[in-house]
Ligand code: CP
Ligand code: NVA
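Residue numbers (our numbering): 12 to 316.
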């Protein structure tokens, strides 16, 4: 199997549009019929933050591919006692065939990747969540025809998930409108990267403070928690600031009649999304969660086989 051009997957911008389609094709094939593409390979999974979907989907994914995954809580390895990222990377490279890491600092994950001779996959940092966005666009492709004819409306915090959705939309030519309160919009650096990609793909990028603008005629409506992991101290303030940045039935009514409602999960019903909408006929959130498994199996196979 021809491998991807990148050693690591730290951001979707490590991939070309063609490579994203190769991931989706393999994900679709593996979803229909499993193949043991990573027999006897090992993946170390370093977690500095909590996880349900990422941990279970990577671990089960490795098992289904014929390999083995080790859960490495940051608290239990010597990284927590001052061993450097560089030394950790060099040691793990001698035992493992790949590393998946969930951490606060994106720079630390970049340093780990730089010092590792094996592929490093970003399982979420404060800046980005590339496996989520790739799985989400794979899910969209199961329901909609042409990424270039679609509008994705994101309502909520300009966070790691918003950043990776923005970059993926810009790579694939999907129009994207992100509605966030003032002071909580996406990072300027990510917008610059996205605009550069959009100039080639034709994607239209709109940033607004008005949720209805994101919802208007959207093919996909997306939201994420108002308070991300590590922002617990900001919770009281954010609950007030974000109260109008939710997907409810009134917002959904502004989208296209066949719009998909998406959420990376975990969801806080009654905050960023109402219970009737997440449980309603437009919602694909559990298919979206399932597709983390299939998409990440494809990613691992194309990086580690
Ligand atoms: N969406 C997502 O990454 O979920 P977990 O935090 O449960 O891994
Ligand atoms: N933005 C959320 C995503 C969780 C999967 C967080 O970082 O906590």
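Every residue gets a Cβ at the ideal spot worked out from N, C-alpha and C, and that includes glycine.
Cβ separation of residue i and residue j, assumed to be a contact under 8 angstroms, to the nearest whole Å
{"i": "residue 191", "j": "residue 167", "result": "7 angstroms"}
{"i": "residue 76", "j": "residue 300", "result": "Actually they are not in contact, since the Cβ atoms of residue 76 and residue 300 sit about 19 angstroms apart, beyond 8 angstroms."}
{"i": "residue 240", "j": "residue 61", "result": "7 angstroms"}
{"i": "residue 88", "j": "residue 126", "result": "Not quite, the Cβ-Cβ distance comes to about 15 angstroms (not below 8 angstroms), so this is no contact."}
{"i": "residue 162", "j": "residue 186", "result": "4 angstroms"}
{"i": "residue 314", "j": "residue 109", "result": "7 angstroms"}
{"i": "residue 267", "j": "residue 223", "result": "That pair is no contact at about 14 angstroms."}
{"i": "residue 309", "j": "residue 129", "result": "No, residue 309 and residue 129 are not in contact; Cβ-Cβ is about 18 angstroms, not under 8 angstroms."}
{"i": "residue 57", "j": "residue 83", "result": "5 angstroms"}
{"i": "residue 53", "j": "residue 90", "result": "About 18 angstroms; that fails the 8 angstroms criterion."}
{"i": "residue 270", "j": "residue 276", "result": "No, residue 270 and residue 276 are not in contact; Cβ-Cβ is about 18 angstroms, not under 8 angstroms."}
{"i": "residue 203", "j": "residue 216", "result": "Not really, about 11 angstroms apart at Cβ, beyond 8 angstroms."}
{"i": "residue 25", "j": "residue 17", "result": "4 angstroms"}
Proximity of residue i and residue j at Cβ, strictly below 8 angstroms
{"i": "residue 111", "j": "residue 148", "result": "no"}
{"i": "residue 197", "j": "residue 173", "result": "yes"}
{"i": "residue 171", "j": "residue 208", "result": "no"}
{"i": "residue 165", "j": "residue 233", "result": "yes"}
{"i": "residue 145", "j": "residue 306", "result": "yes"}
{"i": "residue 123", "j": "residue 100", "result": "yes"}
{"i": "residue 235", "j": "residue 274", "result": "yes"}
{"i": "residue 179", "j": "residue 23", "result": "yes"}
{"i": "residue 49", "j": "residue 316", "result": "yes"}
{"i": "residue 318", "j": "residue 282", "result": "This structure cannot settle anything about residue 318, because the visible part of the chain is limited to 12 through 316."}
{"i": "residue 219", "j": "residue 259", "result": "no"}
{"i": "residue 55", "j": "residue 81", "result": "yes"}
{"i": "residue 31", "j": "residue 177", "result": "no"}
{"i": "residue 65", "j": "residue 113", "result": "yes"}
{"i": "residue 213", "j": "residue 195", "result": "no"}
{"i": "residue 42", "j": "residue 59", "result": "no"}
{"i": "residue 228", "j": "residue 155", "result": "no"}
{"i": "residue 238", "j": "residue 251", "result": "no"}
Residue-level contact to chain B via CB, residue i, 8 angstroms cutoff
{"i": "residue 299", "result": "No chain B is present in this structure, which holds just one protein chain."}
Heavy atom of ligand 1 within 7 angstroms of residue i beta-carbon
{"i": "residue 65", "result": "yes"}
{"i": "residue 275", "result": "yes"}
{"i": "residue 152", "result": "no"}
{"i": "residue 14", "result": "no"}
{"i": "residue 143", "result": "yes"}
{"i": "residue 135", "result": "yes"}
{"i": "residue 62", "result": "yes"}
Residue i (DSSP reduced to helix, strand or coil)
{"i": "residue 162", "result": "strand"}
{"i": "residue 257", "result": "coil"}
{"i": "residue 317", "result": "Summary: the structure shown does not reach residue 317, with the chain confined to residues 12 through 316, and so no result is reported for it."}
{"i": "residue 304", "result": "helix"}
{"i": "residue 15", "result": "coil"}
{"i": "residue 112", "result": "strand"}
{"i": "residue 177", "result": "helix"}
{"i": "residue 189", "result": "strand"}
{"i": "residue 288", "result": "helix"}
{"i": "residue 22", "result": "coil"}
{"i": "residue 271", "result": "strand"}
{"i": "residue 294", "result": "strand"}
{"i": "residue 84", "result": "strand"}
Any non-hydrogen atom of ligand 2 within 7 angstroms of residue i CB
{"i": "residue 302", "result": "no"}
{"i": "residue 317", "result": "As displayed, the chain neither begins before 12 nor continues past 316, which places residue 317 out of reach and without an answer."}
{"i": "residue 240", "result": "yes"}
{"i": "residue 171", "result": "yes"}
{"i": "residue 125", "result": "no"}
{"i": "residue 117", "result": "no"}
{"i": "residue 174", "result": "no"}
{"i": "residue 279", "result": "no"}
{"i": "residue 305", "result": "no"}
{"i": "residue 140", "result": "yes"}
- prompt: Fully enclosed by the region 42-81, which beta strand (DSSP E) runs are 3 residues long or longer?
  reply: Within the region 42-81, the complete beta strand (DSSP E) runs of at least 3 residues are 53-58.
task: Note down, one range per segment and in chain order, each alpha helix (DSSP H) of at least 4 residues found wholly within the region 117-156.
output: Qualifying alpha helix (DSSP H) stretches, in chain order: 117-126 and 141-154.
Inside the region 196-241 only - alpha helix (DSSP H) runs reaching at least 4 residues: Within the region 196-241, the complete alpha helix (DSSP H) runs of at least 4 residues are 199-212 and 222-226.
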